[in-house]
Structures are given as structure tokens and as C-alpha cells.
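Novice:
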Amino acid sequence: MIKEALYYQRGIRGKEAEKELLILEKRELSKEEKEEFIKKWGGSYSSLFCYRLSEPFFYPEGGGQPCDRGSIAGAELLFVEEKEGELWHYLEVDLPEGEKVLCKFDADFRRWQSENHSAEHIFSGLVTGRFPYKNSGFHMECFGENPHMTVDFDGEFSEKELEELEQGVNAVIRKNLPIREIYLEGEEENTSSERKDGNISFRQKKALEGDIRIIEIPEVDSCACCGTHLSFTGEIGVFTILSYEKHRKGCRLTMLAGELAFLALEKKLKFLSGFAQSLSRPWTEIPEAFQSLQERIFAKEEEKRGILEAGISLLEEKILKELEEKRKGIEDGEKPERPERTEVAREVAERPERTEVAREVAERPAKMLFLGSPLKDRCFSYYGKNQYIFLYLSDLGVKDLQKICDRLRRSLPLSLICLGKKEEGFSVVAGSREEDMRAFGKLMGEKLSFRGGGQKEMIQGSSVKGFEEMNAFIERIL
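Going by full-length UniProt numbering, 282 is the number at position 282 of the sequence shown; the sequence numbering is gapless.
#1: Quick one: Cα of tyrosine 90 to Cα of glutamate 61, how far?
#2: Buried or exposed: cysteine 379, going by 16 or more other Cβ atoms within 10 Å of its Cβ?
#3: Less than 6 Å between C-beta atoms, sequence neighbours within five positions excluded: which residues of the same chain meet that for isoleucine 417?
#4: Near phenylalanine 123, which residues of its chain fall below 6 Å by C-beta distance, leaving aside the five closest residues on each side in sequence?
#5: Just list the residues that DSSP pairs aspartate 221 with in beta bridges.
#6: For the alpha helix (DSSP H) that contains asparagine 125, what are its first and last residues?
#7: Return the chain-ordered list of same chain residues with a C-beta closer than 6 Å to the C-beta of residue 479, the five sequence neighbours on each side being excluded.
#8: Just to confirm my understanding: we take leucine 230, look at its own chain, exclude 5 residues before and 5 after, and list those with CB closer than 7 Å. What are they?
#9: Does DSSP classify valine 357 as helix, strand or coil?
#10: Look at the alpha carbon of leucine 412 and the alpha carbon of proline 147, and state the distance between them as a whole number of angstroms.
#11: Going by the CB atoms, is the gap between phenylalanine 239 and leucine 256 shorter than 9 Å?
#12: For aspartate 400, name the three-state secondary structure that DSSP assigns.
#13: Look up aspartate 152 in the DSSP assignment and give the residues it is bridged to.
#14: Among Val172, Val127, Phe143, Phe138, which one has its Cα closest to the Cα of glycine 155?
#15: Report back the beta-carbon spacing between arginine 252 and threonine 150 to the nearest angstrom; my notes put them in contact at under 8 Å.
#16: On the CB-based measure, 16 or more other CB atoms within 10 Å of its CB, does histidine 121 come out buried or exposed?
#17: Is it buried or exposed for isoleucine 217, if we count other Cβ within 10 angstroms and need 16 for buried?
#18: Measure the alpha-carbon distance for glycine 329 versus isoleucine 474 and round it to whole angstroms.
#19: Could you check the C-alpha separation between isoleucine 215 and serine 47 for me, to the nearest Å?
#20: Taking the alpha-carbon positions, what's the glycine 453 to glycine 466 distance?
#21: Could you tell me the boundaries of the beta strand (DSSP E) in which residue 483 lies?
#22: Can you tell me the Cα-Cα spacing of arginine 327 and glutamate 295, whole angstroms?
#23: Whose C-beta lies closer than 7 Å to the C-beta of glutamate 18 among residues of the same chain, with five residues either side of it excluded?
Set out below in C-alpha cells:
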């Protein structure tokens, strides 16, 4: 903390956000230092330099608040840090020592950080005054597509308590209370979370010694802090809690304040208005309309499940009937519909090296029982040979395919391969009462580029092949 730092000046706008400063010292980072910097902050740089300037103009990272954004001599400011009371500024460009350079900081970004940091002090002050909890973590991210700040506490809050705290912060904002700076000089190290120095009591998040800067909001909060702040609470404008979650032995709150909160709330309101319009209801009735919609969806799902159950039963009966007719025909002396030697058997006969899967398939009896007809891209079709049957159900997801496969594999004397439609190829769920489907999965991997896994009874995954390859696999491979 540098007491007379220029970055503690408040309400800076326009030309006040730039100043000519002298480069007092520069240093090029070594290869190891550059690699460490890139590992921590990302990016790719051919070279990196750090500079010490004549005045503390840019805010350095500290206290959960990122460093200022800006430029030096037109080059992007990559990072600012404080080391032993000196500020070091990281750039990708090489600038000479002793030269005066124009320094500019992003005034909007600093204001956003100040708005959020001041709001966090109000929130934490209200929590400390009401609950026996300590603030155990704080971080701000005021740039990018998802601006927010996170605050951790070593306790939990109810929904009602969070609502009251949010309202409390906005009430303090409307009061437009002063946000004061108080400096304590030459303090000895103290590790307690709450301290009193003369008539001043304040919170601190870590052990502090030396000069201490206190940010005080009358009757709300008093906390040791090195960050940037506004002059009055009314400048914050608005505060909102975005989310709440349990974290370690306490909780984590995601919050936003100031202009960024206003923009986020405006975006949320537009979304809610659009959603309400799609429901043909005012946005104030969205909860009721959404509940009604959920109930209708649930009813449709129940209806769909009922139809699915009935469809599975009919399919089961149809397959059993067709299977019985086919087998009866063979027993009565009908000729098989295909040659007895499968493609795999021919391949195995022609080569000395035999894979375990190929050998197993080659040794199976070729009953040549064809069921159904070649698979087509329609709502439902089935096709099978020997002890395998492939079911194509275009509109069903993996969970429904699993249910169908599990039920039919238990009731039918077949191995079931259930297929669902994907953007490219099929979702695959395969199951059997007797066969080890993992071995069958290997065969599909060889012939259909199947990727997946599972247990002996059931496997699941996907294949990028189409209907032509799938039908050819059934006719010529099995």
C-alpha cells in the first residue's frame, strides 16, 4: 500500500486518466521468468520487460482486485505488481530508461472495480454486524463477457437472509453515505480478524503491519483495504446477488454492483420479457406460467412413456411371433435364405492369424434367421439375423434406448442392438441375456467404427457409419 499513490484519486475522467511519467528503471525477464509469467497469466510473448516509473499511477494487483488496464507509450499494459513498496509494470515492448512516456489507464474499468469493491465492503459489513461469520475470500472480474465478484464466508445463509442482505446493501447505497480513508502509521503485526486502534475498530483479512489504510463507511463497515473505492455509496447505483452455493465449510456468493450490475439486470429483464411474451403472459406471472408449462411437459412425458411401454410390448410380441414362424419354417424343411458361411468365416478361413473375436464369430452356427427388413431412416424399423436384432428408433435418446434394450434383452432369446439418430451415424446401446456384449462391441469396432464400452450384459457408445454399412454388417458379417 502506497499512501500517496495517484491511483487512490477518485472520480477521474477523460484526460485526467493519462499522465507523462519517467522510466526510472527497466529489466528484461529471463527465459524462466517469462515462462512463469505466461504460465500464470497466459498469452504468448517473444520478449517481456518490466519497468519502474517515476510515480505510482497504475493500480497494482492486490486484495482480490486485479490491476488497472491501460497502456504505456501506446503498448498494452500486461500486468502491474507491487514489490517491496515499488510498482513494476510489464510490457512486451522495449523502452529506454530515462525516457518520458505517456501513461493511460482505463477509467471505466477502474470505476467498475471501485463500484464493486465498495459494494463488497457494504455487504461484508452488514454480514459481520449480523452474523458471526468471517469473510474468507474475495475476487473481482470486471472485464469480459461474464463480469462478477465472488465473496466467500465461513458460514451459510438462508434464501430469506440473502434477500434481506441484498435489500440492506441497496438501502445503504440510497443513503449516499461517505466512504472515508483513514491511515494508521507504523503498526505492529497483528493476526486477529478484528482490531481496535484507539477509537478505530476495523476488520482485516490477514496479518498486517506497518502503515494500514482503513476504508470506513459510517455505521456500516470499517476494514483494512488497499483497493480503489468511490467517494459516496450513492455512486454505486445498484447491487445484486447473482448466485449462491455451498463452498468448503461455508458458502460462496457471486455478486455484481454499479454499471455492470445495471447492464446485467437490464439483460435479465429483456430475457424475462421475451420469455413471458413466448408464454403469452406478463413477466410478473412467469413463475406460475413456468410451473404450468412444467406440469404439461411432465404429463406429455408420462403419456410418451405409456405409449413407449405399449409399443415395446407390441414389438416384443411381433418379434416373438416372427421368430417362431421363421424357426418353424426351418424345422419344416425350408432352405436358409443366405449361404451358411459368413464373411467373417471366409476371412478367417483365408488367413492363418485369427483374432479372438473373429474366431468366436466364425465358429457360430449360421441359422440365417432374417427378421424385419433393412433399416431405413424413418421413425422405427428393425432388422436382424441369427441371434441379433437391430432396432432403429430415430426419436429416442440414450436413456430411452437403454430402457428398451434392457427390457427386451431379458424377454427375447436374442441380442439387442438399439440405435438412435445422431448428427453423424448412430447412438448405440446393445444388450444380451447370454452373450458377452463386450466381444460383440469389438466386432462392431472393427466393422462399424464403434466406440464405447460397458459391462458384459450391456454396452453403449456410437458409430459414425450409415444405414448402408449397418445393413451390410447385418447381412454379410453376422
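Don't be surprised by glycine CBs; every beta carbon is placed ideally from N, CA and C.
Specialist: The structure says:
#1: In the sequence shown, residue 90 corresponds to position 90, counting from 1. In the sequence shown, residue 61 corresponds to position 61, counting from 1. So the two alpha carbons sit approximately 12 Å from each other.
#2: Residue 379 sits at position 379 when you count from the first residue of the sequence shown. Cysteine 379 comes out exposed.
#3: Residue 417 sits at position 417 when you count from the first residue of the sequence shown. Around isoleucine 417: Phe390, Ala430.
#4: Translated into positions along the sequence shown, residue 123 becomes position 123. Once the five neighbours on either side are set aside, the close Cβ partners of phenylalanine 123 are Val169.
#5: Residue numbering aside, residue 221 sits at position 221 when the sequence shown is read from its first letter. Per DSSP, Ile217.
#6: By 1-based counting over the sequence shown, the position of residue 125 is 125. The sequence shown places glycine at residue 125, rather than the asparagine named in the question. First-last of the alpha helix (DSSP H) with glycine 125: 107-130.
#7: Nothing can be reported for residue 479, as the shown portion of the chain is limited to 1 through 478.
#8: Against the sequence shown, residue 230 aligns to sequence position 230. Only Arg10, Ser114, Glu115, Ser118, Ile179, Ile236 meet the Cβ criterion.
#9: The residue you call residue 357 lines up with position 357 of the sequence shown. Below a pLDDT of 50, predicted positions are generally treated as unreliable, and valine 357, at 43, falls in that range; no measurement from the model is reported.
#10: Here residue 412 is taken as the residue at index 412 of the sequence shown, counted from 1. Here residue 147 is taken as the residue at index 147 of the sequence shown, counted from 1. Each residue's Cα considered, the two are about 57 Å apart.
#11: Taking the sequence shown and counting its residues from 1, the one referred to as residue 256 is at position 256. Taking the sequence shown and counting its residues from 1, the one referred to as residue 239 is at position 239. Result yes, Cβ atoms of leucine 256 and phenylalanine 239 sit closer than 9 Å.
#12: Your numbering for residue 400 matches position 400 in the sequence shown. Note: aspartate 400 maps to helix in three-state DSSP.
#13: The count along the sequence shown starts at 1 and reaches residue 152 at position 152. Answer is Gly137, Arg252.
#14: Sequence index remark: in the sequence shown, residue 155 carries index 155 (1-based). When each option's Cα is compared against that of glycine 155, the closest is Val127.
#15: Within the sequence shown, the letter at position 252 stands for residue 252. Within the sequence shown, the letter at position 150 stands for residue 150. About 6 Å separates the two Cβ atoms, so the contact holds.
#16: For the purposes of this step, residue 121 is identified with residue 121 of the sequence shown, where counting begins at 1. Within a 10 Å sphere around the beta-carbon of histidine 121 sit 16 or more other beta-carbons, which makes this residue buried.
#17: What you label residue 217 is simply residue 217 of the sequence shown in a count that begins at 1. The residue in question, isoleucine 217, is buried, as its Cβ has 16 or more Cβ neighbours within 10 Å.
#18: As a working note, residue 329 is residue 329 in the sequence shown. As a working note, residue 474 is residue 474 in the sequence shown. Computed Cα separation, rounded: 21 Å.
#19: Taking the sequence shown and counting its residues from 1, the one referred to as residue 215 is at position 215. Taking the sequence shown and counting its residues from 1, the one referred to as residue 47 is at position 47. The straight-line gap from Cα to Cα measures roughly 39 Å.
#20: As a working note, residue 453 is residue 453 in the sequence shown. As a working note, residue 466 is residue 466 in the sequence shown. Whole-angstrom Cα-Cα distance: 20 Å.
#21: What is shown of the chain runs 1 to 478, which leaves residue 483 out entirely.
#22: Here residue 327 refers to the residue found at position 327 when the sequence shown is read from its first residue. Here residue 295 refers to the residue found at position 295 when the sequence shown is read from its first residue. Spanning the two alpha carbons is a distance of roughly 47 Å.
#23: Taking the sequence shown and counting its residues from 1, one reaches residue 18 at position 18. These residues qualify, in order along the chain: Leu102, Cys103, Lys104.
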